[in-house]
Amino acid sequence: MKIAVVVKDFDPQWGGVERFAHHFVDQAARRGHELHVFANRWGKRRESHFVPHPVPALRHPPLAKLISFPLSAQRVVRQEGPFDVVFALTPLLGCDVYRLGEGLYREVLQRKYRNPLVRSWKRWGPKGSYLLWMEKRVLTGGRARKVIAISESSRREVLKHYSLPEGRVITIYNGVDLQRFNPGVRAALRGQMRKRWGVEANEMAVLFVGNDFRRKGLRVLCQAMSYLIGQGARIKLMVAGRDSPEPYLWACRKMGIERRVVFMGAVDRIEAAYAAADLLCLPTHYDPFGYSCLEAMACGLAVVTTTNAGAAEIIEEGKNGSVVPAGDPLLLAEAIASSWREGRWREVNRDAWRTANAFTLERNAEAILSLFSSLEEAGNR
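Here it is as structure tokens:
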């Protein structure tokens, strides 16, 4: 098949959607398909197994940048086509399949902004109004024949808010690169990385990974850390992500825990951060899945997350991690402490690794390509 993949940033260092784009293009090309990638920004590496198509977009102001990419992408795809399938990883009216990798903006508004005044301001401001309009157009008024949700909870949200036919929205879970993320890599890097980030041998290192600190619940995690440290726990928080740390540094100083928190910034080799850690904690207010959860589990790390993460669907309480309600620092602290206190952490980590092994890149790509084939066959009848 001749497949167009549309993504704003084709840079695997940027985030989960971008890593998925790289993995899918690689897997589809290995299976003999012709891949064309349409993006505005590119990573440092340039592979030869796909055809790149630069998409121009305005840089400023922010709203113009947001609007200009899908308009330009639609035009460039039309010029370079036709394609058997146009696969959009960002809202695009002219796509055949839309992967909802970042969830619904309607849900982000409800869960990220608890203050009704802030939520209303975000909802009715120019950016919020556009995002909600575009979301509705793509899901209900575009030409997309299928919508891919990356968790069952995300699928249910789409059906609830937009009343689409059930068969039009399908769930395909993420896959993880088991060559890059595995217990062997973690073991090889562990000593070096713990020394690099100042983690003592008798300290439990809790890792947080994400680029949107507010939505992913970093403030709640800092509060949980403060409680645990107050109880005498030998524990350190490692924060990996490119969001601004200043509000959280200030909060940590106020709680007196700043020496137990390391802000690592953006980490190019995120497997190095998993190697230094004993546990991944994603106390998110909203995540359609949570790529970091699957990567951490593949490295043999147990995960503590919330009921608002799609990844909660693959976590068995006490077996490969824990799931708690979002926004409760005391319950979060108890889940973190329990994973260490009960003395089962090695067994839990092994079970986390076994769980992740079922979610391969190959399985993910084959499910998506099978969907594409069914659409192509239906179109040829």
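Under the working numbering, the first residue of the sequence shown is numbered 71, with each subsequent residue one higher. We put the CB at the ideal spot given by N, CA and C, even for glycine.
Less than 7 Å between C-beta atoms, sequence neighbours within five positions excluded: which residues of the same chain meet that for residue i?
i              : result
leucine 364    : Asn244, Val246, Ala381, Ala426 and Phe429
proline 161    : Pro140, Met204, Glu205 and Val208
alanine 214    : Cys165, Asp166, Val167, Tyr168 and Val208
arginine 225   : Ala219, Val239 and Thr241
isoleucine 406 : Val276, Ala294, Leu298, Leu349, Cys351 and Val374
alanine 403    : Ala294, Tyr297 and Leu298
lysine 182     : Arg284, Arg285, His355 and Tyr356
isoleucine 137 : Tyr200
proline 250    : It is worth fixing the name first, because residue 250 is arginine in this sequence and not proline. Around arginine 250: Glu341.
glutamine 144  : Leu162, Leu163 and Gly164
isoleucine 384 : Thr425
asparagine 252 : Ala368 and Cys369
aspartate 313  : Asn281, Asp282 and Phe283
histidine 231  : Leu174 and Arg176
arginine 256   : Tyr344, Ala345, Cys369 and Gly370
Starting from residue i, follow its DSSP beta bridges and name the residues at the other end.
i                 : result
lysine 497        : A question about residue 497 goes unanswered here, because the residues of the chain that appear run from 71 up to 451.
valine 156        : Ala74
serine 392        : Val374
lysine 114        : Paired residue(s): none; lysine 114 is not in a bridge.
arginine 169      : Ile218
leucine 105       : Ile73
proline 122       : Val107
threonine 241     : Ala219
phenylalanine 278 : Val309
alanine 379       : Asp357
glutamate 387     : Gly391
threonine 430     : Val246
Might you give, ordered along the chain, the residues of its own chain that have their beta carbon closer than 8 Å to the beta carbon of residue i, omitting 5 neighbours on each side?
i             : result
leucine 133   : Pro196, Lys197 and Tyr200
arginine 451  : Its pLDDT being 47, under 50, arginine 451 is placed unreliably by the model, and the measurement read from it follows with that caveat. None.
leucine 400   : Ala294 and Tyr297
glycine 287   : Leu352, Pro353, Thr354, His355, Thr376, Ala396 and Gly397
lysine 347    : At residue 347 the sequence reads alanine, which differs from the lysine that was named. Around alanine 347: Ala275, Val276, Leu277, Met308, Ala366 and Leu371.
valine 228    : Leu170, Leu174, Leu209, Val217, Ala219, Leu234 and Val239
alanine 67    : With the chain covering only 71 through 451, there is no way to say anything about residue 67.
leucine 445   : Val155, Asp166, Val167, Arg215 and Lys216
leucine 441   : Val167, Lys216, Ile218, Ile240 and Ile242
aspartate 338 : Gln83
leucine 259   : Glu341, Ala342, Ala345 and Ala346
glutamate 328 : Leu319 and Cys322
glycine 333   : According to the sequence as given, residue 333 is phenylalanine; it is not glycine. Correct list, in chain order: Val309, Pro315, Tyr318 and Leu319.
My understanding is that residue i touches residue j, with C-beta atoms under 8 Å, so please give their C-beta distance in whole angstroms.
i                : j             : result
alanine 336      : aspartate 357 : The pair is not a contact, with the Cβ atoms about 19 Å apart (cut-off 8 Å).
tyrosine 318     : arginine 285  : About 13 Å; that fails the 8 Å criterion.
phenylalanine 80 : alanine 98    : Actually they are not in contact, since the Cβ atoms of phenylalanine 80 and alanine 98 sit about 14 Å apart, beyond 8 Å.
tryptophan 423   : alanine 342   : Incorrect: roughly 18 Å between the Cβ atoms, too far for contact.
valine 95        : valine 125    : About 15 Å separates the two Cβ atoms, so there is no contact after all.
serine 142       : alanine 158   : Not really, about 13 Å apart at Cβ, beyond 8 Å.
lysine 192       : leucine 202   : Actually they are not in contact, since the Cβ atoms of lysine 192 and leucine 202 sit about 10 Å apart, beyond 8 Å.
histidine 130    : glutamate 150 : Incorrect: roughly 27 Å between the Cβ atoms, too far for contact.
If you drop the 5 nearest sequence neighbours on each side, which residues of the same chain put their C-beta closer than 6 Å to that of residue i?
i              : result
arginine 366   : Looking at the sequence itself, residue 366 is alanine, so the reference to arginine does not match. Hits under 6 Å: Tyr344, Leu350 and Val373.
valine 331     : Leu307 and Cys322
tryptophan 410 : Met274
glycine 86     : Tyr361
leucine 105    : Ile73, Val95, Ala98, Ala99 and Phe120
glycine 280    : Lys286 and Gly311
methionine 263 : Ala342, Ala345 and Ala346
glycine 212    : Leu163
lysine 305     : First, the residue type needs correcting, since residue 305 is isoleucine and not lysine in the sequence shown. The answer, listed in chain order, is Met274 and Leu298.
serine 221     : Pro358, Phe359, Gly380 and Glu383
alanine 271    : none
glutamate 88   : Asp79, Asp81 and Pro82
Would you please verify whether the beta carbon of residue i is less than 8 Å from any beta carbon of chain D?
i          : result
valine 167 : Note that chain D does not occur in the displayed structure, where there is just one protein chain.
Where are the alpha helix (DSSP H) runs, 4 residues long or more, that stay fully inside the segment 324 to 374, in chain order? Complete alpha helix (DSSP H) runs here, min 4: 340 to 346 and 361 to 368.
At 4 residues or longer, what runs of the alpha helix (DSSP H) sit wholly inside the segment 284 to 308? Fully enclosed alpha helix (DSSP H) runs of 4 or longer: 288 to 300.
Should the segment 111 to 124 be regarded as contacting the segment 435 to 451, the criterion being three or more beta carbon pairs within less than 8 Å? The answer is no - the segment 435 to 451 does not touch the segment 111 to 124, with fewer than three Cβ pairs under 8 Å.
Mind pulling the beta strand (DSSP E) runs of 3 or more residues that sit fully within the segment 182 to 231? Whole beta strand (DSSP E) segments, 3+ residues: 216 to 219.
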